[in-house]
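Chemist:
Residue numbers (UniProt numbering): 1 to 169.
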């Protein structure tokens, strides 16, 4: 099913909404990495300030029919040499899942920045691995790599792919 959505770079005025969606994201994610609430009863995403301050990072927000529906955080922080962009965090509100919106939004995020992408998935998050495998296969016509990392930097699957159009010679 195709959904009409808006994907745009977040403005400073969107920050509080992004912070609230990040808390929902971390709550969902706690199933896999066992995050705990902080002393104030909140889930906190400590590194979010970097996304607002550093030009190589991007906060994208998603709306469906004018309602908040999710976000994507991208950057140039990569684990593997040769990669240029990373899908750092991706979140679609539960209400909008399982209807194709996540795939559409992910494809739109990648299309904004043709590059050699890297995407890390928590080892225990097998639903996310399956989602990304399917999305990336569609974006690249099955031309991607999936490597299992198990080191100090990361433990879990790492997908890499290049969504730049091949040059014609």
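Note that CB positions come from ideal geometry on N, CA and C, so glycine has one too.
Identify the continuous beta strand (DSSP E) that holds residue 155 and give its terminal residues.
Modeler: 155-162
Chemist: Could you pull out every residue in the same chain whose Cβ sits closer than 8 Å to the Cβ of residue 169, ignoring the five residues on either side in sequence?
Modeler: For residue 169, the pLDDT reaches just 45, beneath the cut-off of 50, and the residue's location in the model is therefore unreliable, leaving the point undetermined.
Chemist: Need the endpoints of the beta strand (DSSP E) that residue 145 sits in, please.
Modeler: First-last of the beta strand (DSSP E) with residue 145: 144-150.
Chemist: May I ask which residues mark the beginning and end of the alpha helix (DSSP H) holding residue 74?
Modeler: Residue 74: not part of any alpha helix (DSSP H); member of the beta strand (DSSP E) spanning 67-75, first to last residue.
Chemist: Identify whether residue 109 lies in helix, strand or coil by the three-state DSSP scheme.
Modeler: helix
Chemist: Quick one: residues in its chain with C-beta nearer than 8 Å to the C-beta of residue 3, no 5 flanking neighbours on either side, listed in chain order?
Modeler: 64, 96, 99, 100, 101, 104
Chemist: Given 8 Å as the limit, tell me if residue 23 has its C-beta closer than that to any heavy atom belonging to the ligand COA.
Modeler: Among the components modelled here there is no ligand, and therefore nothing to report on the ligand COA.
Chemist: Let me know if residue 139 comes out buried or exposed under the rule of 16 or more other beta-carbons within 10 Å of its beta-carbon.
Modeler: buried
Chemist: Is residue 85 helix, strand or coil when you go by DSSP?
Modeler: Strand, per DSSP.
Chemist: For residue 95, name the three-state secondary structure that DSSP assigns.
Modeler: Note: residue 95 maps to helix in three-state DSSP.
Chemist: Using only CA atoms, which one of 23, 32, 8, 28 lies nearest to residue 124?
Modeler: Nearest option by C-alpha distance: 32.
Chemist: Determine whether the beta carbon atoms of residue 43 and residue 22 lie at a separation below 9 Å.
Modeler: yes
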